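Chemist: According to UniProt numbering, the sequence shown is numbered sequentially starting from 1. A virtual CB, placed ideally from N, CA and C, is assigned to each residue, including glycine. Note that the structure is predicted; figures quoted are calculated from it, not measured. What follows is a single structure, and I will ask about it in a moment.
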Amino acid sequence: MKETEKIRVAVLMSTYNGERYLQTQIDSILKQKGYFTLDLIVRDDGSTDGTLKILENYQNKGKLKYFEGKNLGPAQSFLDLLSKVQNYDYYAFSDQDDFWLEDKILRATNCLHRIEENKMKMYHSATTLTDKDLNIIEDMYMKKEKWDYVDFLIRNNVTGCTLVISRELASLINDYRPKKIMMHDHWIALLCTVMNGELIYDKESRILYRQHENNVLGHKKNNYKKLLDNSIFQKRTNNRSMMIKELTRGYSKLIPINNLRLLQQAISSTDSLNNAVKFLSNKQVRLSKNYSMWFCIAVLLKKF
Numbered sequence: 001m002k003e004t005e006k007i008r009v010a011v012l013m014s015t016y017n018g019e020r021y022l023q024t025q026i027d028s029i030l031k032q033k034g035y036f037t038l039d040l041i042v043r044d045d046g047s048t049d050g051t052l053k054i055l056e057n058y059q060n061k062g063k064l065k066y067f068e069g070k071n072l073g074p075a076q077s078f079l080d081l082l083s084k085v086q087n088y089d090y091y092a093f094s095d096q097d098d099f100w101l102e103d104k105i106l107r108a109t110n111c112l113h114r115i116e117e118n119k120m121k122m123y124h125s126a127t128t129l130t131d132k133d134l135n136i137i138e139d140m141y142m143k144k145e146k147w148d149y150v151d152f153l154i155r156n157n158v159t160g161c162t163l164v165i166s167r168e169l170a171s172l173i174n175d176y177r178p179k180k181i182m183m184h185d186h187w188i189a190l191l192c193t194v195m196n197g198e199l200i201y202d203k204e205s206r207i208l209y210r211q212h213e214n215n216v217l218g219h220k221k222n223n224y225k226k227l228l229d230n231s232i233f234q235k236r237t238n239n240r241s242m243m244i245k246e247l248t249r250g251y252s253k254l255i256p257i258n259n260l261r262l263l264q265q266a267i268s269s270t271d272s273l274n275n276a277v278k279f280l281s282n283k284q285v286r287l288s289k290n291y292s293m294w295f296c297i298a299v300l301l302k303k304f
């Protein structure tokens, strides 16, 4: 890209019954400042409230483009939207109920632009947790700044509404549509890192991350009760191993061989106790900052 050319950024938003906070979020996106062109593209995931009317009003003013889709849930809705948006330099993911500071995209693209061109890369950042009225509760950031694919095998460390990815990574994502994934941000982070792409973590928050009664996921405190509920005793089992299977099914010919071997070992850990112990004893796995007693229990109980 020539220095004089403006970066093209697509902001991707998936909506579902989001009328209450949607306008505030859209307006904050449209007020982004920087040397780039920004297009807001929205996929509605089957809203039954006033969301579509709000989107139509903005579209009629030329502020955004939107289309309606069948209800897929947030993960598949975002992947479907990404597959339909082409020819941008960067793709940012947006929730429907937050508030972006005016330099959010500028900060992300500046960080990404420092890395060599034609490389798979992604940016994510800290968040500022707020109540429903955007009163600040606390800044949420992680001490660790570098993660690899082994960390993401164990747990997701990415907050999707802060995610910005390069054109090269978007193209790779669109090469294969997984059927069984936990969330789109986890899938994208795992794919990027397993391909030895570049992952940037920014400890400076440029987003007010609103918490309210209707959040799809919301902020998760890693307390013991939630870890037990979500990782071990939940009815849905093998979520991570199923996602890893999808990864090998779609990209086995592209994944570096050493990374692929560990993915295959992770998948086989659900076959027997012996395989589970071998996986947990793997030096790469044990050295991960995400390695924990709860993760070990989940693997041994075939809840991985």
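1) Count the other CB atoms, across all protein chains shown, that sit within 10 Å of the CB of serine 293; report buried if there are 16 or more and exposed otherwise.
2) Can you tell me the Cβ-Cβ gap for leucine 38 and valine 9, rounded? I've got them flagged as a contact below 8 Å.
3) For glutamine 96, count the other beta carbons within 10 Å of its own beta carbon; 16 or more makes it buried, fewer makes it exposed. Which is it?
4) Can you tell me which of Lys65, Arg114, Asp131 and Thr162 puts its alpha carbon nearest to the alpha carbon of isoleucine 188?
5) With DSSP collapsed to three states, give me the class of alanine 92.
6) For a test of the three-state rule: what should DSSP assign to tryptophan 100, helix, strand or coil?
7) Expressed to the nearest angstrom, what Euclidean distance is found between the alpha-carbon atoms of valine 11 and isoleucine 165?
8) Within 10 angstroms of the Cβ of lysine 121, are there 16 or more other Cβ atoms? Answer buried if so, exposed if not.
9) What does the Cβ neighbour count give for glutamine 32, buried or exposed, with the cut at 16 atoms within 10 Å?
10) Alpha carbon to alpha carbon, what distance is there between alanine 126 and threonine 51?
11) So what's aspartate 185 in DSSP terms, helix, strand or just coil?
12) Does the structure place the stretch 138 to 158 close enough to the stretch 110 to 118 that three or more beta carbon pairs sit under 8 Å?
13) Measure the alpha-carbon distance for leucine 254 versus methionine 195 and round it to whole angstroms.
14) In the UniProt domain "Glycosyltransferase 2-like" (11 to 113), which residue ranges form an unbroken alpha helix (DSSP H) of at least 4 residues, counting only runs that do not cross its ends?
15) Quick one: what's got a C-beta closer than 7 Å to asparagine 239's C-beta in the same chain, skipping five residues either side?
16) If you follow the beta strand (DSSP E) that glutamate 198 is part of, which residue opens it and which one closes it?
17) Please name the residue or residues paired with aspartate 139 in a DSSP beta bridge.
18) Three-state secondary structure (DSSP) at residue 307?
19) Cβ atoms of arginine 210 and leucine 273: under 8 Å apart, would you say?
20) For isoleucine 115 versus glutamate 168, is the C-beta distance shorter than 8 Å?
21) For chain C, is any of its Cβ atoms less than 8 Å away from the one on phenylalanine 93?
22) I'd like to know whether the C-beta atoms of threonine 128 and serine 205 end up nearer to each other than 8 Å.
23) Grab the span of the beta strand (DSSP E) containing valine 164 for me, first residue to last.
24) Which residues mark the beginning and the end of the alpha helix (DSSP H) in which arginine 177 is found?
25) Could you tell me if phenylalanine 67 is buried or exposed, where buried requires 16 or more neighbouring beta carbons within 10 angstroms of its beta carbon?
26) Name the two residues that bound the continuous alpha helix (DSSP H) containing tyrosine 149.
27) Pull up the distance between the alpha-carbon of proline 256 and that of histidine 186, whole angstroms please.
Modeler: In short:
1) Going by the sequence as given, residue 293 is methionine instead of serine. Exposed: under 16 other Cβ atoms inside 10 Å.
2) 5 Å
3) buried
4) Thr162
5) strand
6) strand
7) 11 Å
8) buried
9) buried
10) 28 Å
11) helix
12) no
13) 8 Å
14) 22 to 30, 51 to 60, 74 to 83 and 104 to 113
15) Met182
16) 198 to 202
17) Thr128
18) An answer regarding residue 307 cannot be provided, because it is not within the stretch 1 to 304 covered by the chain.
19) no
20) no
21) Note that chain C does not occur in the displayed structure, where there is just one protein chain.
22) yes
23) 164 to 166
24) Careful: arginine 177 lies outside any alpha helix (DSSP H) and carries neither H nor E.
25) exposed
26) 149 to 154
27) 19 Å
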